[in-house]
Each structure stands twice: as structure tokens, then as C-alpha cells.
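Our numbering numbers the first residue of the sequence shown as 7 and each following residue consecutively. We treat Cβ as the ideally placed atom computed from N, Cα and C, and that holds for glycine. Predicted, not measured: the structure shown is a model, and the values here were computed from it. Working notes, structure below.
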Amino acid sequence: MLPFVLERAYGASSLTAGLRLSVIPVALGLVAPLSGALYDRLGARLLTVSGMVAALVGLMALSVALETGRLTLATAALALFGIGQGLFTAPNNSAIMASAAAEQSGQAGGVLFVMRSLGMSLGISLASVILAWQLPVLPGHPQATLGIPAQVLIQGAVASFIVFAALAGAAALLCFVRTERGTPRTVQ
């Protein structure tokens, strides 16, 4: 959704929008190895909760940035979101794999992959539904993002990011209250 907002509402080129969005995987890639190493010392709870809180703050900052047209803040918010994902992903994956018996690690990895894919699919669907609710029905025109006023497109994106921020808050709470079932495996 964000590429559409950047290109159609703010007039960014595809290259500029892509470069702006690239801060997410770059931040995630820089932080994930560090959080994976910290998992061995700190366990999953602190890192996963911190990661989801960072993602929540990043999404809320992104919402404010889009509403006010501050694209530099939007880029910083995307970086914070990527940092949050980096803090969350490696410890969460490690905790899930550590909770499975060694002979069930293949099954646990398969379930983890299926859940990640399902989450991405549901996230895209949810964002599309939220955006569709924001779009006005224009007489004689199908409901689509083409030709929709920039402000309506921004409002749809902001509404989606607020819902995703709420989901990140729920995930942070669940990470905080979950019990530690396994101890981190050490690599020898």
C-alpha cells in the first residue's frame, strides 16, 4: 500500500519509493543477527516485546508522517519498524524452535513457515479491506485506487497502519505474558 501512497499522493518516482521502502529490510538485516546473539544471553521475552513495541511506535510515527506529509519522518519510521522486526524475528524463531523436541524440529520449522506465510497473506488482505472501506464509491467508476484523491488514499493507508500498530501492541502483550518453555539452545 505504501508504494501507492508515495507515488500517487506524494508524487515520488518508483525508484524513490523503492529506495525509501528499502530501509525496512536494511534495518531488519542489520539488527536481526544482533538480536539472535542477544537471545542466547537474554532469552526471547525482552527482545520480542521490545521489537513489537518498536514496530508499534514505527507504525504510529509513519501514520503521523503520512498525514503531515513529512517524508523524512516516514523514512525514519520505516527504519524503526525494520529495527522492531529485526529485534522480534530471530528471538521469536529461536524460541519456537527451542520449544520443539529435537526430533520435531523439521515439523516446527514447517509450521513456523506456514504461519509466517499465512500472516503475510492475512496482513495484505486486511490492509486491502481497510483501504477499500476508505475509498468513496464514485458513480460510473469501479472502486479502485486510480483516480482517488490523494487525501483519501493517505487516510486509507493511515487507517491500515493504525490497525497494524494495534496488532503489534497485542503481539507485544502476548510476548510479555507468555511463559518461557525452553531454554535457549547453545551452539557448540
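Determine the extent of the alpha helix (DSSP H) in which residue i is found, giving its start and end residues.
i	result
Ile154	Note, Ile154: premise wrong, no alpha helix (DSSP H); not H, not E.
Gln91	Leu77 to Ser105
Met7	Premise fails: Met7 is in no alpha helix (DSSP H) and is neither H nor E.
Any idea if residue i is buried or exposed, counting beta-carbon neighbours within 10 angstroms, 16 or more meaning buried?
i	result
Pro9	exposed
Arg184	exposed
Ile89	buried
Leu137	buried
Ile154	buried
Val32	exposed
Thr54	buried
Ser20	exposed
Arg191	Note on Arg191: pLDDT 46, under 50, position unreliable in the model; no value is reported.
Gly162	buried
Ser41	buried
Ala172	exposed
Ser69	buried
Leu34	buried
Would a C-beta distance cut-off of 9 Å place residue i and residue j closer than the cut-off?
i	j	result
Leu65	Phe167	yes
Ala67	Ala43	no
Thr98	Gly57	The question names Thr, but residue 98 is Asn in the sequence shown. Taking 9 Å as the Cβ cut-off, Asn98 and Gly57 qualify as a contacting pair.
Gly92	Val37	yes
Ile160	Ala15	yes
Ala106	Ala96	no
Arg26	Ala80	yes
Leu12	Leu77	yes
Leu84	Val29	yes
Met103	Ser111	yes
I need the DSSP call for residue i, collapsed to helix, strand or coil.
i	result
Tyr16	coil
Met126	helix
Val193	With a pLDDT of 44 at Val193, under the threshold of 50, the modelled position of this residue cannot be trusted; read the value that follows with caution. Residue state, collapsed to three classes: coil.
Ser134	helix
Arg26	helix
Arg47	helix
If residue i and residue j are in contact, beta carbons under 8 Å, what's the gap, nearest whole angstrom?
i	j	result
Val164	Leu72	6 Å
Ala174	Leu62	4 Å
Ala178	Val59	5 Å
Does the beta carbon of residue i come closer than 9 Å to any beta carbon on chain D?
i	result
Ala15	As a matter of chain content, chain D is missing from the structure shown, which is built from one protein chain.
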